[in-house]
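Following: one structure in structure tokens, then a few remarks.
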Amino acid sequence: MKLENLLYGVEIQKTNADLNAEIKEIKIDSRKVEDGDLFVCLEGVNDDGNNHLCEIDCDFIALTQKEPESGKYVLVTDARKAYAQVCQNRFLRPMEGMKFIAVVGTNGKTSTAHYIDSVLTFAGVKTGLIGTEGHYILGEKVGQSLTTPDPYELNELFFKMRTRGVEVVIAEVSAHAIYLEKLGDLKADVAILTNVSQDHLDYFKDFSNYQSVKMSYFENGNAKTAIVNVDDESGRILLSRLEGRKDIKTLSYG
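Mapping the sequence shown onto our numbering, position 214 (from 1) lands on 231, and the numbers just tick up by one.
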């Protein structure tokens, strides 16, 4: 795919790369970069892809939010958001034509996602399911990784689902996935908040941060319809914040 097509929708600050260049593949591991690849420099908790640019001994293009001293690069505002976008483009925006149901929450994501999948399948709807217990296409387990896979694997899954005729994708969306922008600009047709309780505080530091990340998925307009558990305090807070907004329909249960 040409670099220009891969970068569709990405907020670019500047580049010295040929936009007509053919990109072989997208990589985020500097050790696996080959000639013709686009290497996305991601900043993590313990490492920064930008620190490894000088170690790559081949002809590649860096996608980064820090301008490198040498080599071909595309400078972007947000590397993680750009990574999600180029992965969507790499797999030809695979969610187009399929419905997306996102299940968000500390507890109950897996059971809720499986209940929805079972009901839809019983009704004759062709489904795909992504979550903690594995990834399924039309009831067949095709893999297992993170609750919400990283953008490349996620969009590859979406592509396989669309190829096999899936109509509705149900996915557990973790707090890490929201914080790391794994879904990019994908908007859920329906998003469900099951609850928010103490979890992952080693990563998010305190409950307030963790709660904010979960609720941000809804508050930032990532869903057309929100279904919220009002038996949960966070659910009641979220529902009050969404009240009166015209860009998202709200329903409650509990």
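Cβ coordinates follow ideal geometry from the N, Cα and C atoms, glycine included. Since this is a predicted model, take the numbers as computed values, not measurements.
Beta-carbon separation of residue i and residue j under 7 Å?
{"i": "Ile43", "j": "Leu55", "result": "yes"}
{"i": "Val207", "j": "Thr242", "result": "yes"}
{"i": "Gly4", "j": "Leu210", "result": "The chain is shown from 18 up to 271; residue 4 falls before or after that span and cannot be answered."}
{"i": "Ala272", "j": "Leu59", "result": "Because the chain is modelled from 18 through 271, residue 272 falls outside the range shown and cannot be assessed."}
Leaving out five residues before and five after residue i in sequence, what residues of the same chain have Cβ atoms less than 6 Å from its Cβ?
{"i": "Phe77", "result": "Val50, Asp54 and Phe56"}
{"i": "Asp216", "result": "Thr123"}
{"i": "Phe221", "result": "Tyr227"}
{"i": "Val120", "result": "Lys126, Thr129, Ala130, Glu189 and Ile209"}
{"i": "Gln161", "result": "Gly151"}
Using CA atoms only, rank isn't needed, just tell me which of the options is closest to residue i.
{"i": "Lys89", "options": "Ile73, Gln102, Cys104 and Val103", "result": "Ile73"}
{"i": "Leu155", "options": "Asp167, Asn172, Gln161 and Arg179", "result": "Arg179"}
{"i": "Ala101", "options": "Lys266, Val91 and Glu198", "result": "Glu198"}
{"i": "Leu1", "options": "Val185, Glu157, Gly141 and Lys177", "result": "The structure shown has nothing for residue 1, since the chain only spans 18 to 271."}
{"i": "Asn237", "options": "Gly201, Asp134 and Tyr169", "result": "Gly201"}
{"i": "Leu291", "options": "Leu259, Ala194 and Val120", "result": "Since the first residue of the chain shown is 18 and the last is 271, residue 291 is not available in this structure."}
{"i": "Glu28", "options": "Val93, Leu20 and His69", "result": "Val93"}
{"i": "Ala38", "options": "Asn22, Ser47 and Ser162", "result": "Asn22"}
{"i": "Lys31", "options": "Leu203, Asp223 and Ala79", "result": "Ala79"}
{"i": "Val91", "options": "Leu36, Val159 and Ser257", "result": "Leu36"}
{"i": "Asn33", "options": "Cys71, Pro85, Ser233 and Gly26", "result": "Pro85"}
Leaving out five residues before and five after residue i in sequence, what residues of the same chain have Cβ atoms less than 8 Å from its Cβ?
{"i": "Asp52", "result": "Lys41, Cys75, Asp76 and Phe77"}
{"i": "Thr149", "result": "Lys126, Thr127, Thr164 and Glu189"}
{"i": "Pro166", "result": "Ile147, His152, Leu174 and Lys199"}
{"i": "Val186", "result": "Met112, Met115, Lys116, Phe117, Ile118, Thr144, Gly145, Leu146, Ile147, Phe175 and Met178"}
{"i": "Lys266", "result": "Lys241, Thr242 and Ala243"}
Grouping DSSP H, G and I as helix and E and B as strand, with all else coil, what is residue i?
{"i": "Ala243", "result": "strand"}
{"i": "Lys98", "result": "helix"}
{"i": "Asp206", "result": "strand"}
{"i": "Ser233", "result": "helix"}
{"i": "Glu189", "result": "strand"}
{"i": "Gln30", "result": "strand"}
{"i": "Thr144", "result": "strand"}
{"i": "Asp65", "result": "strand"}
{"i": "Val103", "result": "helix"}
{"i": "Thr211", "result": "coil"}
{"i": "Phe139", "result": "helix"}
{"i": "Lys199", "result": "coil"}
{"i": "Lys263", "result": "coil"}
{"i": "Phe108", "result": "coil"}
{"i": "Ile73", "result": "coil"}
{"i": "Gly177", "result": "The sequence given here has Lys at residue 177, not Gly. Correct three-state label for Lys177: helix."}
Could you check how far apart the C-beta atoms of residue i and residue j are, in whole angstroms? I think they sit under 8 Å.
{"i": "Ala188", "j": "Lys231", "result": "The Cβ separation is near 15 Å, so there is no contact."}
{"i": "Asn212", "j": "Asp249", "result": "4 Å"}
{"i": "Leu24", "j": "Val103", "result": "7 Å"}
{"i": "Gly66", "j": "Ser47", "result": "6 Å"}
{"i": "Leu255", "j": "Phe235", "result": "6 Å"}
If I measure Cβ to Cβ from residue i and keep anything under 7 Å in the same chain, skipping five residues before and after, which residues do I get?
{"i": "Asn246", "result": "Leu210, Thr211, Asn212, Gly252, Tyr270 and Gly271"}
{"i": "Val142", "result": "Glu184 and Val185"}
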